[in-house]
Amino acid sequence: MDYQFRDIEKKWQQFWAEKKTFKVAADASKPKYYVLDMFPYPSGAGLHVGHPLGYIASDIFSRYKRLKGYNVLHPMGYDSFGLPAEQYAIQTGQHPAITTENNIATYRRQLDQIGFSFDWSREVRTSDPQYYKWTQWIFMQLFNAWYNLETDKAESIDTLSSHFSQHGSTSVKAVCDEDVLTFTAAQWNAMDEADKERELLKYRLTFLKESTVNWCAALGTVLANDEVKDGVSERGGYPVEQKKMMQWSMRITAYADRLLQGLDSIDWPEPLKEMQRNWIGKSTGASVKFNVEGSDKQIEVFTTRVDTIFGVSFLVIAPEHELVAELTTAGQKQDIEDYITVTKKKSELDRMADTKTVSGAFTGSYALNPLNGAKIPVWIADYVLAGYGTGAVMAVPSGDQRDWLFAKHFDLPIIRILDAQQNIEEAADSTKEGVYVNSDIINGLTYKEAIATLIQRLEELGMGKAKIQYRMRDAIFGRQRYWGEPVPVYFENGLPRLISEDELPLLLPEVDKYLPTEDGDPPLGRAENWKYKDTYSYELSTMPGWAGSSWYWYRYMASQEERAENAFAPKEAIAYWKDVDLYIGGSEHATGHLLYSRFWNKFLKDLGYVTEEEPFKKLINQGMIQGRSNFVYRVINEDGVGTQLFVSHGLKDQYKTSPIHVDVNIVDNEVLDLEKFRKFRPEFEHAEFILENDRYICGVEVEKMSKSKFNVVNPDDIIERYGADTLRLYEMFLGPLEQSKPWNTNGIEGVFKFLRKFWKLFHNDQLEFTVSEEAPTRAELKSLHKIIRKVEEDIERFSFNTSVSSFMICVNELNELKCNKRAILESLLVTLAPYAPHITEELWALLGNEAGTLSFAAYPTFNPDFLVEDEFAYPISINGKMKMNLNIPLTLEVPDVEKFVLANDAVQKLLDGKSPKKMIVVKGRIVNIVL
RNA sequence: GCUCGGGUGGUGGAACUGGUAGACACGCAGGACUUAAAAUCCUGUUCGCCUUACAGCGAGUGCGGGUUCGAUUCCCGCCCCGAGUACCA
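Sequence positions in the first sequence follow the numbering used here and run 656 to 1586.
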């Protein structure tokens, strides 16, 4: 029979599903391996050809690991809470649960067609109450915890309140709000419950905090910063105002240092780790207080260069700084107000366009250097950000370029502080070399000595201390949306209380419309009679998109049967599967999902629920698949109106044309199908063409894949035409997994042909299945063992494209050798099985093996003996230029190779009578003759 | 601006620790089979020069230098493309 991919693929997909081939269970007799894909949000558009790229790679890896004897956990699920379903609900009134359900069905159908070896019995959906029950449960654990800096981990809030009742607030080292109270044990015990609760909230790992949000009344929602452009919403262009509201927050900053340290222990792409490092933004320095002349106020600054403190010639505070009004003298009032007005306008425009301009205003006040009492003017300027550090900096023009520019512009002094500083009249010099000058107590000291001396002095004076500053902020956790997890909290006298654990899950209530209420409450405010114990108001915001995805890999560890148990995953399962060995997904989640997941994981570990400090040991980013748009060129007539004439790409410059997107599915290798084009849109029905070489060649451009650009390629179409095995191989063949690349089907024929050739190795010319039991020849064994080794090496370094090429080479070689020997083909088949599971299952069965056992067959053992050569065609180069090849026995050692080469006539001819100055011989590699 | 990727034929890409640049595939050209087409198979295909041909010569991995017997690979400087980030004190 010929290669009937449609029948074969359907048959085996059904087989795997019915026999539950890929259902796994913890098995202590086998080493575990956990391969995870970032689960998709099931959008209405379905899968396009870019989605499965990572899934195919992880599936190949999973199947390979099974062949290598591992017990492989390879699950899939859906991140099914999210905005598009809600947006659709607002427009159509359809419940997002229904939309989501339908979309999931489409995704599942599409995924099944590709032949993945997922254990679907472990599927998760974040919007499933049985799943979000545990998302809510984790929220409750966070609420019931504080971060003890003494033990450097999260602990139950009970240990904190018992500490308070025994020792008061002194000696507590915690990550907490800034406005915590100081009290004795007696004072604590005398407080009423509400006050205690209020105080504890300042320590909890999830807590209420007043935050400023981008409120869009027209859309009835809060927008993320990147959804706001030029002060209006990106979608729709509605006005956006800053609104203060109480929001749930997560104290991720408590974990800042562990999140940073942990990066060194995991095998992730360096750019990704770098992004997380920058996001966390740790800087080590000192905070220093400056007294204000004629005032009891102090200005606190953060600096990473406290050693430059004697070079400070002015302070700069952010225009939004709380002391601005107080520090402004009557004479400067106008200047300051004008400046603030300008700044405000500027931030509404594009502030980033303006990083070079120096601007600022003098407040009229002076601060005093805490170490030498020097009088330094206080300025405001928008280059100081209110949100970072203390919103105030000490300016050292000789060492910092921004300060230097500012000093030059406003004619402020530039003080030299290190003898190694050069040309400070032309630019700042931030060196730490040399010894200090003009620097009072640190004169003559080096950088290291100076820092220690100054910190000690500042601490003695009570005017400063060493400090570590992070850029990362606590994460806002509330969303004013409907389609998300309800927060398991109700309010009693304005104080948040958790519902009890046995009341979980707190179900998402029904609402009449998915819009905010008239008073601006989130959609949950519309739910009727939705009260805790019929009395107390529930929290009306829902959790953000990242909540459900911050722990889902643990839920997969629980089998279907175990999910009824009262835990997010059974202890034994967590002890067995531990962590994710390989995680594949896009780099766009670098500072969102991947950071929050690490945070929750560390928290769960602190409480003893999980065993590993880091959840994802190894991570690979798959590149994005971009769209590849095709264009036709419509000729424009003298009046500038489009005609019915279209000119081929190569001739378009001879005409006045306008490019029009054309559906990539009616273009093959840039050649337009003219008939299909006439049917593409009614207006093209009578289209005429100017051809080149009898064909219409389309133009090409790489753009995002989107419907409007007619460049979306659906995997279903590819599977229909070539089959899933071809799709799998082709997506890998396209190039390195981690590289972004445009999708084009130009090479897919080659992959399909390869599979047919592979099929034909097992068949005679009449396409009858025939394999020989003869012993293989040396050449055949060599070909086989080359591929055995190559595929092993390639898979381990995620170089899937090169193994596909190598398979092609191997099949070409065996074809040449007319090899149909079982001993060779059966082993080759196993190596190919992870890439093309359907065709190999079929042939495996035809070879007489028990159906379905291929998935757990043994990967063939590489034997290097078969690759040993006794001769090598040495490239002979002269002065590094390759001239010829010469077969030389590999038994010859270097001096003999030299003799052998020089004895050769052709070599002598190349030497042209000259005698070599030198000869380089690398055994088994190269001969280079230097003349 | 900073940080990180990346620039190799007409195209996607290969070349593992410096050692035959362009594997494999697409496309293209020519040929075989066929009444014809599709499918399949074979040959050629980096560029330039030279030659009837066999062959030969030269250049060549973004650009300019360097190290080396030898550089796509290492070093220095520059250009271009992509991603992230945005005055972080």
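No residue lacks a Cβ here, since even glycine has one placed at the ideal position from N, Cα and C.
None of the values given here were measured: they were computed from a predicted structure.
- Take the alpha-carbon of T996 and the one of Y1125: they are about 30 Å apart.
- With fewer than 16 neighbouring CB atoms inside 10 Å of its own CB, R1452 falls in the exposed class.
- Contact between F1254 and I907 holds: CB atoms are separated by about 5 Å, below the 8 Å threshold.
- Restricted to the region 1534-1584, the beta strand (DSSP E) segments that are unbroken, complete and at least 3 residues in length are 1536-1544, 1573-1577, listed in chain order.
- Taking the Cβ atoms as the reference, P1431 lies roughly 5 Å from K1476, within the contact range of under 8 Å.
- Beta-bridge pairing by DSSP links R1376 to no other residue.
- In the DSSP assignment, no residue is bridged to D774.
- For Y725, the CB contacts under 6 Å within the same chain, skipping 5 residues up- and downstream, are P686, Y688 in chain order.
- Taking each of V1582, N1540, W667 in turn and checking the Cα distance to K1554, the smallest one comes out for V1582.
- For the 8 Å CB-CB criterion, W843 and S820 form a contact.
- Proximity of the region 1268-1287 to the region 807-821 falls short of the contact definition, fewer than three beta-carbon pairs being nearer than 8 Å.
- Taking C-beta atoms as the reference points, P1199 and R1134 count as a pair closer than 8 Å.
- For N1285, the enclosing beta strand (DSSP E) covers residues 1280-1291.
- For S1482, the closest of D1236, E1526, F1413 by C-alpha to C-alpha distance is F1413.
- Within the model, the alpha-carbon separation for I1035 versus M1049 is close to 12 Å.
- Here A1513 has L722, G724, V1485 as same chain residues with Cβ atoms under 8 Å from its own Cβ, once five neighbours each way along the sequence are excluded.
- With a threshold of 16 other beta carbon atoms within 10 Å, M1537 falls short and is exposed.
- Look at L1163 here: in three-state DSSP terms it is coil, with no helix or strand label.
- The region 892-901 makes contact with the region 859-875; the number of CB pairs closer than 8 Å reaches 3 or more.
- Put simply, the backbone Cα of K1473 is about 37 Å away from that of D1560.
- Contact annotation: the region 704-715 touches the region 769-781, with at least three C-beta pairs closer than 8 Å.
- Straight-line spacing of the CA atoms in L815 and K851 works out to 11 Å.
- In the three-state reduction of the DSSP assignment, N1276 falls in the strand class.
- With 16 or more neighbouring CB atoms inside 10 Å of its own CB, L982 falls in the buried class.
- Looking at the backbone, the Cα of K1362 and that of T1018 are separated by about 56 Å.
- With contact defined as three or more Cβ pairs closer than 8 Å, the region 1284-1296 and the region 1349-1363 are in contact.
- Take the alpha-carbon of L1067 and the one of V1013: they are about 13 Å apart.
- Relative to Y1038, the option among Y1021, T998, S1053, T837 whose CA is nearest is T998.
- Taking 8 Å as the cut-off, the beta carbon of S1458 is found closer than this to the beta carbon of K1445.
- Remark: C-beta atoms of D962 and Y1187 do not approach each other more closely than 8 Å.
- Within the same chain, and ignoring the five residues on either side of E925 in sequence, no residue has its Cβ closer than 7 Å to its Cβ.
- Between L927 and N1419 the beta-carbon gap is near 52 Å, outside 8 Å, which marks them as no contact.
- Secondary structure at P1492: helix, using DSSP grouped into helix, strand and coil.
- Within the region 792-846, the runs of alpha helix (DSSP H) at least 4 residues long that lie entirely inside it are, in chain order, 812-822, 840-845.
- Membership of D692 in any alpha helix (DSSP H) is not indicated; the residue belongs instead to the beta strand (DSSP E) covering 687-692.
- Of the candidates A941, F1065, L1541, A941 places its Cα closest to the Cα of A1047.
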